[in-house]
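If you read the sequences in order, they're chains B and E. If you're matching positions, the first sequence starts at 9 in the numbering used here and goes up one per residue. If you're matching positions, the second sequence starts at 40 in the numbering used here and goes up one per residue. As structure tokens, the structure follows; a few thoughts come after it.
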Amino acid sequence: MDWVFKEEHEIFRNQVRQFVEKEVTPYIEEWETQGEIPKEVWKRMGELGFLGVEYPEEYGGSGADFTYTLILMEELARCGAMGFPISVSVHTDMASPYIFSLGTEEQKRKYLPQIIKGEKICAIAITEPTGGSDVAGIRTQAKQYGNCYALHGSKVFITNGVKADIYIVAARVGEPEDQLRHRGISIFIVERGTPGLRIGRKLQKMGWLCSDTAELFFDECIVPKENLLGEEGKGFREIMRHFQRERLVISIISVSASQKVIEDAITYARERVVFNRQLSKFQVIRHKIADMVTYIEAAKRLTYHVAWLFYKGKATDKDVSTVKLFTTEVANRIAYDSLQIYGGYGYMREFPVERFYRDARVLTIGAGTSEIMKEIIAKRLEL
Amino acid sequence: MRIVVIVRQTPDTEAKIKVAPSGDTIDTEGIKWIVNPYDEFAIEEAIRIKEKLGKGEVVLITMGPARCIEALRTGLAMGADNAIHIKDESFAFTDPYALAKVIAQEIKNLGEFNLVLTGKKMIDEETGQVGIHVAEELGIPHVAIVTKVELSSDLTKVTCQKEIEGGQMVVEVPLPALITCERGLNEPRYASLPGIMKAKKKPVKEVTIDNINLEALGLTKEALGPAGARFRVTKLEVPQIQRRLKILKGKQQDMVKGEEVAEAVRELVRLLREEAKVI
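What follows is the structure, given as structure tokens:
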């Protein structure tokens with residue numbers, strides 16, 4: 009993908025990098041402790057155009073293309089805590105795209121400008137306590153009453169869920185049928201403060217601490233009919249389609265965060281002296297680093313290849329699943345091996361590699377587990 | 040109000056600088072280039088003045104190889120209106136004298152201008168000459184190393200503040216004038232993504248070596264390249280930090296004891312004088 013980068017891409021990368029170095033990394037500790045990203049930071053990113061990269065100018069976006077999204081996510085992922093790029097990408101690339109691609113002109117005009125300015129934060133609510141990967145099996149119900157739908161059910165592990173203003177919610181209209189379970193799934197915009205929407209506790213997680221995660225409860229939650237996104241009952245296919253962007257962005261973040269971790273580990277191995285020699289001079293360490301760099305390079309090239317296909321509108325489910333599977337598994341391998349280089353220090357909270365170790369773990373679970381990725385690949389191979 | 044900003048490109052402050060095999064320049068292979076940080080203050084100040092007045096034009100000008108377009112686009116993305124690129128690969132080696140002459144000529148070609156801003160120096164070779172030399176060529180007053188700029192309400196004068204030993208100096212000059220900018224003048228903004236997208240469409244005028252009336256400037260083509268520079272870098276060296284440690288030990292054991300002390304001290308003094316050359 010780097011063959012398409014031009015001077016304007018480099019300018020953008022420089023600007024995002026400076027923003028991250030000056031306005032994100034110094035505050036990461038604070039946000040991780042508080043368990044959230046301050047509202048002002050969202051607005052600042054809105055001002056800089058980070059929250060509407062690909063959306064048209066008429067809604068306040070920048071009208072740029074996916075190459076800029078890739079650069080933005082790569083640079084945000086270097087901040088030192090994965091919760092930050094994840095939280096941002098849920099807003100920009102996992103939730104709001106439903107409004108942009110399925111919304112009516114009224115819906116887009118109503119919501120997109122606020123989303124792009126960072127005045128309103130988005131979350132996507134698909135996963136339920138009984139299952140996430142099995143989208144066709146969701147149980148939240150949407151019953152139609154005249155001009156409204158009444159939502160009943162609950163959602164869990166919802167990133168940005170505690171603070172969000174706009175929830176993109178998947179619910180089922182009608183009863184599930186045994187053979188055609190995916191029928192009836194529909195997508196709704198539910199605004200914060202809608203009667204019947206209760207935001208549960210902030211969930212305590214292993215990593216991704218600065219990104220808030222919630223449970224949501226819908227009890228006779230009345231949503232006006234104009235909040236239906238796309239056609240009633242056609243949501244399943246749309247969710248599957250939107251997963252491509254979500255999984256690709258997760259892959260980009262995985263690779264770039266791994267890259268930052270290995271850069272830091274290399275610096276440490278050069279500086280650390282044991283047995284009167286630099287750590288980096290021991291073959292066992294040198295080769296470990298060489299292995300890691302090779303894996304990251306392979307993961308990056310695969311990501312760029314699939315990003316290119318995606319940019320051209322040619323990425324298949326299999327392409328996206330292979331990249332999500334590989335990059336997130338690589339990130340975990342990097343987490344394990346680079347922490348080993350730091351020895352006891354790596355286990356200490358003050359070393360960023362300790363956070364990466366915790367942050368990386370969920371990458372092979374969120375946005376579709378590695379097992380689901382393998383199932384998709386196997387299915388496409390018609391095994 | 041037309042404000043001209045002289046912008047130049049330098050290696051990233053975080054780049055690992057290697058001396059080229061020739062020994063008189065740096066190896067630019069794989070180097071990341073940035074807008075000279077002092078020039079960024081100049082761009083920011085120009086945009087702020089324009090924003091405050093609610094009107095005006097900010098024109099960027101650079102002289103250098105093709106890569107310098109990135110510096111211009113960065114300034115355009117920050118908010119400048121248009122740019123002039125005096126472009127040739129040999130301009131990477133042009134000395135400050137010729138740079139100033141050519142840049143000044145291009146500024147004159149603009150016709151009207153009210154203010155020229157630039158950084159107090161480049162962070163690479165640190166000659167700090169181009170800005171003030173351009174002022175000389177243009178025949179306008181200059182104020183160097185400025186930390187505060189204030190235009191009079193009738194836009195005929197500018198008041199500048201300079202940091203001097205133990206205090207500040209306030210200088211007032213009539214417009215048009217040239218100001219070189221110091222750290223502390225402002226905090227340059229980031230180019231936003233909409234700004235970057237808009238910058239792609241802003242006009243950049245290219246001036247090639249053939250478009251310059253060298254004779255009128257008393258220059259030759261060679262004078263603009265490495266061969267004709269008025270000053271020549273003869274050698275570049277990376278400072279070497281050598282850690283040397285010498286421990287004086289006793290004859291029987293590591294610790295110097297008893298009668299050996301006097302002799303060890305004499306030896307220590309000799310080493311400090313002759314080898315370390317610190318006394």
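In this text, a Cβ means the ideal position worked out from N, Cα and C, and glycines have one as well. This one's a predicted model, so the numbers in the text were calculated from it and none came from an experiment.
Among the options, nearest to residue i - alpha-carbon criterion
i	options	result
B:MET81	B:GLN23, B:GLU66, B:ILE166, B:LYS320	B:GLN23
E:ALA170	E:GLY158, E:GLY223, E:LYS274	Just to set this straight, residue 170 of chain E is Gly in the shown sequence, not Ala. Cα-wise, what sits closest to E:GLY170 is E:GLY158.
B:TYR303	B:MET381, B:VAL98, B:ARG341, B:GLU279	B:ARG341
B:PRO360	B:ILE79, B:TRP216, B:VAL198, B:ALA386	B:TRP216
B:MET214	B:THR202, B:MET53, B:GLU48, B:ARG366	B:ARG366
B:ARG147	B:PHE225, B:GLY352, B:LYS118	B:PHE225
E:ILE248	E:LYS94, E:HIS181, E:GLU128	E:GLU128
E:LYS89	E:LEU190, E:THR52, E:TRP72	E:LEU190
B:THR311	B:SER219, B:ILE36, B:GLY57, B:SER329	B:SER329
E:VAL212	E:GLY223, E:ARG222, E:GLY205, E:GLN200	E:GLN200
E:LYS160	E:LEU154, E:VAL304, E:VAL46	E:VAL46
B:LEU78	B:VAL301, B:VAL314, B:ILE293, B:GLY169	B:VAL314
Simplified DSSP state of residue i, which is helix, strand or coil
i	result
B:ARG232	For clarity, residue 232 of chain B is Pro in the given sequence; the question names Arg instead. The answer is strand: DSSP assigns B:PRO232 an E or B state.
B:CYS87	helix
E:LYS55	coil
B:CYS130	strand
E:CYS199	strand
E:MET322	Residue 322 of chain E falls outside the range modelled here, since chain E spans only 40 to 318, and no answer is possible.
E:PRO60	coil
B:ILE174	strand
B:TRP216	coil
E:ARG87	helix
B:SER194	strand
E:LEU92	helix
E:GLU211	strand
B:GLU136	strand
B:PRO105	helix
B:VAL361	helix
E:GLY206	strand
E:VAL246	strand
B:VAL202	For the record, residue 202 of chain B in the displayed sequence is Thr; it is not Val. Three-state result, B:THR202: coil.
Chain E contact residues for residue i, given Cβ-Cβ distances below 7 Å
i	result
B:PHE27	TYR229
B:TYR76	LEU232
B:GLU71	Correcting the residue identity first, residue 71 of chain B is Gly in this sequence and not Glu. The contacting residues are MET236.
Residue i: CB within 7 Å of a non-hydrogen atom of the ligand SAM
i	result
E:THR133	For the ligand SAM, the structure offers nothing, since it holds no ligand at all.
Contacts of residue i in chain B (Cβ-Cβ under 9 Å)
i	result
E:ALA116	GLU16, ILE19, PHE20, GLN23
Cross-chain neighbours of residue i in chain B, by beta carbon under 7 Å
i	result
E:THR113	ILE19
E:GLU109	GLU15, GLU18, ILE19
E:LYS239	GLU16
E:ILE280	By Cβ distance, chain B contributes nothing, its closest Cβ being about 15 Å from E:ILE280, past 7 Å.
E:LEU235	As written in the sequence, residue 235 of chain E is Ile, which differs from the Leu given in the question. Under the 7 Å cutoff, chain B gives GLU16, ILE19, PHE20.
Boundaries of the alpha helix (DSSP H) in which residue i is found, first to last residue
i	result
B:PHE165	That residue, B:PHE165, is in no alpha helix (DSSP H); its beta strand (DSSP E) goes 156-167.
B:MET300	291-319
B:TRP39	36-42
E:SER129	Unbroken run through E:SER129: none, as it is neither H nor E.
E:VAL317	Careful: E:VAL317 lies outside any alpha helix (DSSP H) and carries neither H nor E.
B:PRO121	113-125
B:LYS51	47-55
E:LYS217	Rather than Lys, the amino acid found at residue 217 of chain E in this sequence is Leu. Premise fails: E:LEU217 lies in the beta strand (DSSP E), 216-220, not in any alpha helix (DSSP H).
E:PRO227	E:PRO227 -> no alpha helix (DSSP H), and no H or E assigned at all.
B:VAL24	15-27
E:THR49	Taken as a continuous stretch (DSSP letters only), E:THR49 belongs to no alpha helix (DSSP H), being part of the beta strand (DSSP E) at 48-50.
Proximal chain B residues relative to residue i, where beta-carbon distance stays under 8 Å
i	result
E:ILE82	Those do not exist, as E:ILE82 stays about 13 Å from chain B at its closest Cβ, beyond 8 Å.
Start and end residues, beta strand (DSSP E) containing residue i
i	result
B:VAL370	Counting along the chain, B:VAL370 falls outside any beta strand (DSSP E), and DSSP gives it neither H nor E.
B:PHE1	Outside the shown range of chain B (9 to 391) lies residue 1 of chain B, about which nothing can therefore be said.
B:ALA150	149-153
B:GLY208	205-210
E:HIS181	181-190
E:GLU302	Segment 299-309 is the alpha helix (DSSP H) holding E:GLU302; no beta strand (DSSP E) there.
B:LEU188	Segment: none, B:LEU188 is in no beta strand (DSSP E) and carries neither H nor E.
E:LEU154	154-158
E:VAL43	41-45
B:VAL257	Counting along the chain, B:VAL257 falls outside any beta strand (DSSP E), though it belongs to the alpha helix (DSSP H) covering 243-279.
Amino acids of chain E, ordered along the chain, whose beta-carbon sits closer than 8 Å to that of residue i
i	result
B:VAL61	LEU232
B:GLU55	SER231
Under 9 Å by beta carbon: chain E residues contacting residue i
i	result
B:PHE58	SER231, LEU232
Please confirm if the segment 70-83 of chain E is in contact with the segment 102-120 of chain E, defined as three or more CB-CB distances below 8 Å between the two stretches. yes
Counting beta carbon pairs with one atom in the segment 128-145 of chain E and one in the segment 366-376 of chain B, are three or more of them shorter than 8 Å? no
Would you check if there are 3 or more beta carbon pairs closer than 8 Å linking the segment 115-127 of chain B to the segment 245-260 of chain B? no
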